[in-house]
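Be aware that the sequence shown starts at 1, since it is given in UniProt numbering, and climbs by one per residue. C-beta: ideal position from N, C-alpha, C; glycine also.
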Amino acid sequence: MYWADWGNHPKIETAAMDGTLRQTLVHENIQWPTGLAVDYFNERLYWADAKLSVIGSVHLNGSDPVIAVTGLKNNLLHPFSIDIFEDYIYGVTYINNFVFRVNKFGKGPMENLTTGINHATDIVLYHRYKQPESECLSVCLSTAPFLIENTSDDTLSII
1 MYWADWGNHP KIETAAMDGT LRQTLVHENI QWPTGLAVDY FNERLYWADA KLSVIGSVHL
61 NGSDPVIAVT GLKNNLLHPF SIDIFEDYIY GVTYINNFVF RVNKFGKGPM ENLTTGINHA
121 TDIVLYHRYK QPESECLSVC LSTAPFLIEN TSDDTLSII
């Protein structure tokens, strides 16, 4: 799991679903991390920073942090929530009041998909190809490296 902390020392962290293996992924050049989105296929975590008006990404292990989209270049003011699908970052802005899409590899301009959505705070894209398929037939939680806890019958499987 991943989460963002706006506190006195803003950061983005990760941990296994049982709370173990906690690790800070990003703690520099970040102020108001408001939206997180996982790109499972490229193994990167993206975030929106509403204060800095940027979208950044980091490898899931915490290496290679980069700023993917800057607000001044793209008129992106106060990005609040983002999601990832294929080559694009989709998001909403709190001040500009629009839904946008931008190439996550920095190719081409940002596109406004719609305007006039006052104070939107979340966006979620649904598609069957957004996340790799799992072999779990019920709710399964990753508890430690290579272990999956099947919550329907309390068994552990090594994968």
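Quiz item: Does DSSP put G71 in a helix, in a strand, or in coil?
Solution: When DSSP states are grouped into helix, strand and coil, G71 belongs to the helix group.
Self-check item: Helix, strand or coil at G62 according to DSSP, with G and I counted as helix
Solution: coil
Quiz item: Looking only at its own chain, which residues have a Cβ that is under 8 Å from the Cβ of E133, when we skip the five neighbours before and after it?
Solution: No residues qualify anywhere along the chain.
Quiz prompt | Inter-residue spacing [alpha-carbon to alpha-carbon] between Q131 and A16 | solution = Whole-angstrom Cα-Cα distance: 18 Å.
Self-check item: Residues that DSSP places opposite K11 in a beta bridge
Solution: Within the DSSP bridge table, the entry for K11 names D5 as partners.
Exercise. Let me know if D18 comes out buried or exposed under the rule of 16 or more other beta-carbons within 10 Å of its beta-carbon.
Key: D18 is exposed by the Cβ-count criterion.
Practice problem: Run the CB neighbour count on N96, radius 10 Å, all protein chains shown included, and call it buried at 16 or more, exposed below. | Solution: For N96, the number of other beta carbons within 10 angstroms of its own is at least 16, and it is reported as buried.
Exercise. Could you tell me whether any non-hydrogen atom of the ligand MN is closer than 7 Å to the CB of I55?
Key: Inclusion of the ligand MN in the displayed structure is not the case, the ligand content being empty and no account of it being possible.
Exercise. Just mark F44 as buried or exposed, buried being the case when its beta carbon has 16 or more other beta carbons within 10 Å.
Key: Reading the sequence as shown, one finds Arg at residue 44 and not Phe. Flag for R44 reads buried.
Self-check item: Through-space distance from K107 to V124, alpha-carbon basis
Solution: Their backbone Cα atoms lie some 22 Å apart in a straight line.
Quiz item: Does the stretch 27 to 41 touch the stretch 79 to 88, meaning 3 or more C-beta pairs lie closer than 8 Å?
Solution: yes
Practice problem: Classify P109 as buried or exposed, calling it buried when 16 or more other Cβ atoms lie within 10 Å of its own Cβ. | Solution: exposed
Exercise. Work out the CA separation of A68 and T24 for me, nearest whole Å.
Key: 20 Å
Practice problem: Keeping to the same chain, check which residues put their C-beta closer than 7 Å to that of P65; ignore five residues upstream and five downstream. | Solution: V26, G56 and V58
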